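Taken in sequence, the protein lines are chains A and B. Quick note, the first sequence lines up with residues 1 to 247 if you use this note's numbering. Quick note, the second sequence lines up with residues 248 to 494 if you use this note's numbering. All C-beta atoms, glycine included, are put in the ideal place defined by N, C-alpha and C. Nothing here was measured: the structure is a model prediction, and the numbers come from that model. A quick write-up on the structure given underneath.
2 protein chains.
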Amino acid sequence: MAGRAAEPEVIWARPERTGRGPKPAYTRRDVVDAAVRIADADGIDGVSMRRVAAELGCGTMSLYNYVPRKEDLYELMVDAVSGEYELPDEPSGDWRADMTAIAHQSRAIMYRHPWLPRVMTTAYGFSPNALRFLEWCLGCLTPLDAPAGLKMQLIAMVNGTVMATVANEQAIAERARGLPWSEAEEQAVRGAYLMGQVTSGRYPHLAGLLAEAPAAPVDPDEIFAMTIARLLDSFAPPTGGTSVTGA
Amino acid sequence: MAGRAAEPEVIWARPERTGRGPKPAYTRRDVVDAAVRIADADGIDGVSMRRVAAELGCGTMSLYNYVPRKEDLYELMVDAVSGEYELPDEPSGDWRADMTAIAHQSRAIMYRHPWLPRVMTTAYGFSPNALRFLEWCLGCLTPLDAPAGLKMQLIAMVNGTVMATVANEQAIAERARGLPWSEAEEQAVRGAYLMGQVTSGRYPHLAGLLAEAPAAPVDPDEIFAMTIARLLDSFAPPTGGTSVTGA
DNA sequence: TCGTAGTTACGTACGCCGTACGTAGTGGGG
DNA sequence: CCCCACTACGTACGGCGTACGTAACTACGA
């Protein structure tokens, strides 16, 4: 008989081995790493059980000894890259600085793994590294005098904002994968349509915006930093000093 | 010969009909509505070309007369439900009120169509209704004295926040679709794992948070309203009056 | 010590999926 | 009026997730 029956369980609670039987050729981590490599290279849709097995050099169905369902593989992938956070031993005491640093780390991780935002909308939960991350964030926020619920909101909003930002920045690139034509063609064709619409006169405000835009070429990093700063301000306005609202 | 060759194009620029030949049995809108009905009922993964055709009562391949690729169907679906925004003829003049109303409409739409957040991370672009929405938002923001780029950031952040919020609230329900067990079992099993971890002592801050939580049962609507208010504050702090920071 | 039960490995097969391609029939424009 | 662009759609291909069966292997209880 093959792997155990499908029953309600969380992948994190399932032991990788029980001790009996032949030694497995790989570890669960090997499988996940292979999947992450494929997703980084070819996008998340390139991750199929057959492809992962090929990458590993084993039979497709052998994977089911390590991972009960593909959904669990996704969760394991998210957890694996969540392990890339480098969290100091102790928070600095400046919660704004700590949260800003965390946000930048999140962004860097999502740039390394552009499939993350998409997968996280379905396969995100309280994985070990998610708990580690959450615990760290709460630690950073101890200096902030606020009820626990508010701290959770802050963390959630920072995360959500980073996700939305990166997803937005990389939308075209990610979408272009597996299209019958190139990314450049896609971008050109979409840009042409947008221009046609805007110059049609039906969207005066939008036209005004686009007319103004080229005058101010923007730096994504700067925008990101400003966005996060503003977000943190909204939870605890900086005591005196200049506002970040203006440009 | 069947439908035209695959070439770079935007679905919005492709005419639905050219005039020649027999009258189509359906409209592009019929196809999209059928897809939306299925997604609402069975989740986005229930939307397959075969299923949509069955819903419509036609052959599978007939759909390709209306929609060149499935990806385009997704974009059409997003645009269709984006048409559910009810936008007055003129902004009220109070941009905070207008943007708050928009955010609540967005949330309502995403509750009606829980698949939206997931699909929007890949299939979102400058569709007609997206342009209409954007134009409206920019109109609402004319009273706000800020550079165009900042207004775009504001709009993007409000949208992103709504998406992240709803996606988070509905994560378990959406994930449970197509699982080999029930949503209740899923939730129970995940809750049990979480409890086990938190009570292990490895996550003191998190434990403290959970100990505090049941004392303050939360109203999602209220949290959402507060989050949006805070977000808007961060772009233009209310002139005098109480801060919304505290709970 | 040894049988056996639990495990690993993996080939085969089923029912889905998106969609390329071919064919038949229809009706508007030159 | 007739041609041909167009609609409708059946068939088929290559891919997917994974249920199930079989064979080899090894740690443990008797």
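With contact counted as at least three CB pairs below 8 Å, one residue from each stretch, are the segment 151-170 of chain A and the segment 392-410 of chain B in contact?
-> With the cut-off at 8 Å, the segment 151-170 of chain A and the segment 392-410 of chain B touch.
Under the three-state reduction of DSSP, which class applies to A/Phe-126: helix, strand or coil?
-> Reduced to three states, the DSSP call for A/Phe-126 is coil.
Counting only beta-carbon atoms, is A/Ala-108 nearer than 8 Å to chain B?
-> So no, A/Ala-108 is outside the interface.
Do you know how far the Cα of A/Ala-211 is from the Cα of A/Asp-72?
-> Taking the straight line joining both Cα atoms gives about 48 Å.
Mind checking if A/Trp-12 is an interface residue toward chain B, Cβ cutoff 8 Å exclusive?
-> So yes, A/Trp-12 belongs to the interface.
Could you tell me whether any Cβ in chain B is nearer than 8 Å to the Cβ of A/His-205?
-> Chain B places a beta carbon closer than 8 Å to that of A/His-205, counting this residue as a contact.
Close Cβ partners of A/Phe-133 (< 7 Å) along its chain, the five nearest in sequence each way excluded | Hits under 7 Å: Ser-82, Tyr-85.
Contact under 8 Å by Cβ, B/Val-465 with A/Gly-149 = Taking the C-beta atoms as reference points, A/Gly-149 is found nearer than 8 Å to B/Val-465.
Starting from B/Glu-459, find everything on chain A with Cβ-Cβ shorter than 7 Å and list it in chain order.
-> For B/Glu-459, the residues of chain A that pass the 7 Å Cβ criterion are Ala-148, in the order they occur in the chain.
Starting from the C-beta of B/Leu-385, find all residues in its chain whose C-beta is less than 7 Å away, skip the five residues before and the five after it, and write them out in chain order.
-> Answer for B/Leu-385: Lys-398, listed in chain order.
Counting along the chain, where does the alpha helix (DSSP H) carrying B/Met-346 start and finish?
-> That run of the alpha helix (DSSP H) goes 342-359.
Alpha-carbon spacing of B/Ser-564 relative to B/Asp-292, whole angstroms = In the structure as shown, chain B begins at 248 and stops at 494. Residue 564 of chain B is therefore absent and cannot be evaluated.
Do you know whose CA, among A/Thr-161, A/Pro-147, A/Leu-56, A/Glu-186, lies nearest B/Ala-460's CA?
-> Here the closest residue by C-alpha is A/Pro-147.
Got a sec: is the Cβ-Cβ distance from B/Pro-255 to anything in chain A below 8 Å?
-> Chain A, which has a Cβ nearer than 8 Å to the Cβ of B/Pro-255, makes this yes.
For A/Thr-199, which of helix, strand or coil comes out of DSSP?
-> Reduced to three states, the DSSP call for A/Thr-199 is coil.
Between which two residues does the alpha helix (DSSP H) containing A/Asn-65 stretch?
-> No alpha helix (DSSP H) holds A/Asn-65; DSSP gives it neither H nor E.
Rank B/Arg-477, B/Met-473, B/Ile-475, B/Phe-482 by C-alpha distance to the C-alpha of A/Met-226 and give the top, closest one.
-> For the set B/Arg-477, B/Met-473, B/Ile-475, B/Phe-482, the Cα lying nearest the Cα of A/Met-226 is the one of B/Phe-482.
Give me the Cβ distance between B/Thr-408 and A/Gly-21, rounded to the nearest whole Å; I'm assuming they're in contact under 8 Å.
-> Contact between B/Thr-408 and A/Gly-21 does not hold, since the beta-carbon distance rounds to 50 Å and is not under 8 Å.
Among A/Gln-170, A/Asp-89, A/Gly-57, A/Ala-53, the one whose alpha carbon lies nearest that of B/Ala-370 = Checked all of A/Gln-170, A/Asp-89, A/Gly-57, A/Ala-53; the closest Cα to B/Ala-370 is A/Gln-170.
Using CA coordinates, which residue listed in A/Gly-19, A/Pro-220, A/Leu-206 is at the minimum distance from B/Ala-377?
-> For B/Ala-377, the nearest C-alpha among the options comes from A/Leu-206.
So which residues on chain A does B/Asp-326 lean against when the C-beta distance must stay under 8 Å?
-> By Cβ distance, chain A contributes nothing, its closest Cβ being about 13 Å from B/Asp-326, past 8 Å.
Length of the line joining the Cα atoms of B/Ala-300 and B/Leu-310 = Cα to Cα, the separation comes out at about 7 Å.
Relative to the C-alpha of A/Tyr-193, which residue among B/Arg-422, B/Ala-281, B/Ser-374 is closest?
-> Minimum Cα-Cα distance from A/Tyr-193 among the listed residues B/Arg-422, B/Ala-281, B/Ser-374 corresponds to B/Ser-374.
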